[in-house]
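Number of protein chains: 2
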Amino acid sequence: MKEEQSLFANYLKSKGLKMTSARRTVLRAFIKSEGHLSAEDLLAAAKKIDPGLGQATVFRTLKLLSDAGLAQDACQEEGPRRYEHVYKQSHHDHLICIGCGKMIEFCHPEIEKAQNEIFKKFGFRGTGHKLELRGLCADCARKLDEENK
Amino acid sequence: MKEEQSLFANYLKSKGLKMTSARRTVLRAFIKSEGHLSAEDLLAAAKKIDPGLGQATVFRTLKLLSDAGLAQDACQEEGPRRYEHVYKQSHHDHLICIGCGKMIEFCHPEIEKAQNEIFKKFGFRGTGHKLELRGLCADCARKLDEENK
DNA sequence: ATGATATTGATAATCATTATCAATTAATTT
DNA sequence: AAATTAATTGATAATGATTATCAATATCAT
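If you're matching them up, the sequences are chains Z and R in order.
Using our numbering, you'd call the opening residue of the first sequence number 1 and step up by one each time.
Using our numbering, you'd call the opening residue of the second sequence number 1 and step up by one each time.
What follows is the structure in structure tokens.
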């Protein structure tokens with residue numbers, strides 16, 4: 001998306017940083033990406049554009065994307081850190097099954113509203129939130145019950 | 001707390017695992033702990049009880065405590081994984097300032113209610129949730145505005 | 001173009017966590 | 001209570017993820 005490109009460019013300029021070809025490559029790979037991606041994932045995607053790209057550069061650029069507000073942490077408990085788009089996709093929260101790991105994305109306007117109340121109450125200027133519900137999906141709950149019979 | 005002790009003992013028995021003196025030590029240290037603690041923190045606390053305790057045992061036991069439902073991930077973006085009590089303290093969510101890192105704990109019944117609706121809608125048996133709101137606290141928002149003037 | 005400075009990729013270093021393993025310990029059985 | 005069986009321990013090595021270092025290079029403002 002053009003918007004993400006110019007947001008990143010503006011961020012870099014505002015910090016006295018440079019728009020380089022490596023950063024453009026990582027940004028392009030990130031923009032094309034979907035879901036929750038790790039630095040490793042992004043490296044693989046970016047290497048398809050420029051095979052000579054270094055791993056460290058991806059870590060560094062991913063951090064910049066996060067600082068610039070384009071990427072945000074999609075906090076999974078296990079494994080490497082994962083990021084997702086801030087723009088581009090509609091906001092969603094996560095429902096995760098602790099049995100099989102299945103993840104459902106959902107959106108609940110009431111919750112959004114309540115969050116804004118909290119921000120106001122504590123004098124915060126809200127920038128985002130992350131909500132993760134955990135539980136057992138119907139299948140896993142059934143299995144568990146059978147085991148414990 | 002006695003309750004946490006017997007919950008852990010029951011968990012171990014149900015899995016055919018053993019209640020050992022090392023595990024008792026880690027459990028005691030965990031029970032006395034507060035807030036968000038890393039494996040390293042817990043090791044330090046447990047070593048005050050038994051200096052000979054090994055680091056690996058703390059990682060292992062912390063995982064067990066989590067599986068047993070006594071500890072849960074208190075997901076911070078940076079640094080090592082952190083855990084907090086599931087029992088003992090009233091449920092709370094987190095409001096974090098992305099400027100200075102200040103963290104406020106709060107509780108909002110409306111949100112709790114909405115979460116139960118979600119669980120129902122997707123046929124889940126809910127076991128917990130984590131909500132993290134992020135934004136700029138009043139101080140940091142003011143500072144930022146001045147910088148950008 | 002030039003100069004000042006940020007950036008790069010390669011690599012080493014670090015940090016957090018997990019795997020390995022022989023010695024020990026807890027629970028179970030006799 | 002001793003023997004048996006299997007889980008557990010601490011030390012250490014190994015791994016995985018991320019960050020630091022550094023000389024060569026690329027970017028941007030002038």
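Ideal Cβ placement from N, Cα and C applies to all residues, glycine included.
Nothing here was measured: the structure is a model prediction, and the numbers come from that model.
Judged by DSSP in its simplified three-state form, R/I118 adopts helix. Short of 6 Å from the beta carbon of R/Q115, and not among the five residues preceding or following it, lie these beta carbons of its own chain, in chain order: H129.
For chain R, the residues of the segment 130-148 of chain Z that bring a beta carbon within less than 7 Å of one of its beta carbons are K130, L131, E132, L133, R134, G135, L136, C137, A138, A141, in chain order. As a beta-bridge residue in DSSP terms, R/R82 pairs with R/S38. In the DSSP assignment, Z/D93 falls within the beta strand (DSSP E) that extends over 93-97. Of all residues in the segment 97-112 of chain R, only C97, I98, I104, F106, H108, E110, I111 come within less than 8 Å of chain Z when Cβ atoms are compared, listed by chain position. Annotation: Cβ neighbours of R/T127 in chain Z (cutoff 8 Å, chain order): I98, R134, G135, L136. Around the Cβ of R/C100, a 10 Å sphere holds fewer than 16 other Cβ atoms; the residue is exposed. By the Cβ criterion, the segment 130-137 of chain R is in contact with the segment 94-111 of chain R, since at least three pairs of Cβ atoms, one from each stretch, lie closer than 8 Å. Contacts with chain R at 9 Å (Cβ-Cβ) do not include Z/G16. Within the segment 40-70 of chain Z, not one residue has a Cβ closer than 8 Å to any Cβ of chain R. Per DSSP, reduced to three states, the secondary structure at Z/L136 is strand.
Around the beta carbon of R/H92, fewer than 16 other beta carbons lie within 10 angstroms, which makes this residue exposed. If you check the CB distance, Z/F8 and R/I118 do not come in under 9 Å.
In summary, Z/A71 is buried, with 16 or more beta-carbon neighbours lying within 10 Å of its beta-carbon over all protein chains present.
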